[in-house]
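Heads up: the sequence shown begins at 11 in the working numbering, then just goes up one per residue. What follows is one structure encoded as structure tokens, with my remarks underneath.
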Amino acid sequence: MHIDTGQELRGGQRQLLLLACGLRERGHEQLVVCPEGSLLEWRAHQEHLRVFALPVHDPAHAYGIVQLRQLLWAEPFRILHAHDGKGQMIAWLGSAGMPVRRVASRRVTFMPTGLAGGRMIHRLKYQFTCHAVIAISDFVRQLLAESGVPADMIEVIPDGIEFPPEAPNAGLRSRMRARWGFEEDDFLIGYMGGITPEKGQDIAIDALRLLEHSLPRACLVVAGKLCGRELGRERSGTEWVRNRVRLLGPIDNLADFFAGLDLYAMPSRAEGLGSAALLAMAHEVPVVATRVGGLPEVVEDERTGWLVPPDSSAALADVIAFAASDRARLRTLGLQARERARQYGSDVMVERTEALYYRLARAIIKE
């Protein structure tokens, strides 16, 4: 049973779907528990997964938890996997006292600080509500351990990606750039995902300003549902920014998006792993990323891309200029990036998660 309370379809929800579909192919019965009317519910139905919808007019999920307990008494589920914090509490309250094993995924990098006894509270929360914690990177594992979670409860399993069978070709590249209104000589830097302060899009825009004269054909191409609202306020500031930042909105085909890019940027201030960077690399696009969180575990400096200090538009601008000056080198890094990303295929993530489930399930039998 997979539990997630998010309304949007972001990285965590996409990972849940990848995992559930992969486990189904291995013969496991899957149930997705999510809010009624959420995008996850819609996508789970599209994937022909069984869904248990938490009632929409039940803010604290009290009624949903009662229904969940009834379901667990009626059906022999053995593993409850919570993919967000609220889901972790729902899994615990819905299955307390039952012969199940609870797993919690941890993708975020913030931890409780500054509170008396905060470390002990965090430790007790995980010890009582779950039997294992999946950290998506070694960086997140260290944060969990430092916040009091017992080391033997933590399993590092990086997020997986759907690895494309083929890299984008030159014809698709030309078509996408023409569709966006760019020419072959333009240098396109891509970004895809949520538009929030910790993602650092303001740093990318500042870097473009620094390159206004030395690299006048550099442009930022942004894909994501929220870009028209948050980043749009920044974009509307000057004509220069409007010309240098292209907002594409939501995208359906990742191959089309990555095909048109020269470089992918992740100027994040915090990042659990960086699955968007992995997707770019899988499509042969080198990545420039900040040296924060789990990103250094994904991007190999000067081999699959570049690592720069966080909050440094000057460092980011220097790398963009260097990358644009040597297109042959950029292509070589793209090839190496694709091979690196192959190690993060969703099949690897599914296999390692399944192995964890089996270890936990065996403990139920011994009891």
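Glycine included, each C-beta is placed from N, C-alpha and C at the ideal position. Source: prediction; values computed, not measured.
Candidates the options: which alpha carbon is nearest residue i's?
i: H67; options: R60, E46, E176 and M163; result: E46
i: W52; options: L29, E35, G191 and L19; result: L19
i: P160; options: G315, G204, S147 and F138; result: F138
i: E361; options: L28, T300 and Q80; result: L28
i: R70; options: T119, V309, L103 and V232; result: Contrary to the premise, residue 70 reads as Ala rather than Arg in this sequence. Answer by Cα proximity: L103.
i: W190; options: L271, V308, A299 and H55; result: L271
i: S322; options: A338, V118, P277 and V309; result: P277
i: C44; options: R117, E35 and Q98; result: Q98
i: A265; options: P174, E35 and D212; result: P174
i: T206; options: V232, N263 and E39; result: V232
i: G158; options: L134, M11, A180 and S147; result: L134
So, are the CB atoms of residue i and residue j less than 7 Å apart?
i: G32; j: S356; result: yes
i: L221; j: A327; result: yes
i: T15; j: I167; result: no
i: I13; j: I100; result: yes
i: L41; j: R24; result: no
i: L225; j: A214; result: no
i: L343; j: P306; result: no
i: D195; j: L283; result: no
i: A325; j: V318; result: yes
i: F149; j: G315; result: no
i: G200; j: Y136; result: no
i: R372; j: Q346; result: no
i: G234; j: M202; result: yes
i: S48; j: Q17; result: yes
i: L82; j: S105; result: yes
i: P109; j: I375; result: no
i: L340; j: A269; result: no
i: Y73; j: P65; result: yes
i: G259; j: R117; result: no
i: E281; j: V302; result: yes
Using a Cβ-Cβ cut-off of 8 Å (strictly less than) and excluding sequence neighbours within five positions of residue i, which residues of its own chain qualify?
i: V113; result: I89, L90, H91, A92, C140, H141, A142, V143, I144, L366, Y367 and L370
i: S184; result: E194
i: H55; result: V61
Quick one: give me the first and last residue of the beta strand (DSSP E) that residue i is part of.
i: C229; result: A228 to A233
i: A275; result: L273 to M276
i: I199; result: F197 to M202
Tell me, please, whether the CB atom of residue i is closer than 7 Å to any CB atom in chain B?
i: E222; result: You won't find chain B in this structure, because it holds only one protein chain.
Assuming residue i is part of the alpha helix (DSSP H), what are its boundary residues?
i: V150; result: D148 to E156
i: G32; result: G21 to E35
i: I261; result: It is not in any alpha helix (DSSP H) - I261 carries neither H nor E in the DSSP assignment.
i: A63; result: A63 -> not in any alpha helix (DSSP H); beta strand (DSSP E) instead, spanning R60 to L64.
i: F332; result: S323 to S335
i: Y354; result: Taken as a continuous stretch (DSSP letters only), Y354 belongs to no alpha helix (DSSP H), as it is neither H nor E.
i: G74; result: A72 to A84
i: M291; result: S285 to A292
i: A214; result: Q211 to L220
i: A180; result: A180 to W190
Ordered along the chain, which non-local residues of its own chain (more than five positions away) have a Cβ less than 7 Å from that of residue i?
i: R245; result: Only weak support exists for where R245 lies, its pLDDT of 47 falling under 50; the coordinates are left without a value.
i: I171; result: S285, L288, L289, A292, A351, Y354, G355 and S356
i: E57; result: L27 and C31
i: V358; result: G170
i: V329; result: V298, W316 and V318
i: Q80; result: none
i: A331; result: L221, S224 and L225
So what does residue i bridge to, in DSSP terms?
i: H91; result: H12 and V113
i: W316; result: V298
i: S165; result: One detail in the question is off: residue 165 reads as Glu in this sequence, not Ser. Answer is I144.
i: P45; result: L64
i: Y368; result: BP columns for Y368 are empty, so no partner.
i: D311; result: G315
i: I171; result: G355
Excluding the 5 residues flanking residue i on each side, which residues of the same chain have their C-beta closer than 6 Å to its C-beta?
i: I164; result: V143, A145, R151 and L154
i: R279; result: E208, G210 and P320
i: E294; result: A177, G344 and R348
i: D216; result: S323
i: F197; result: R227, A228, D272 and A334
i: A63; result: E46 and E51
Taking 6 Å as the cut-off, does the CB of residue i come closer than this to any heavy atom belonging to the ligand PLP?
i: G22; result: Among the components modelled here there is no ligand, and therefore nothing to report on the ligand PLP.
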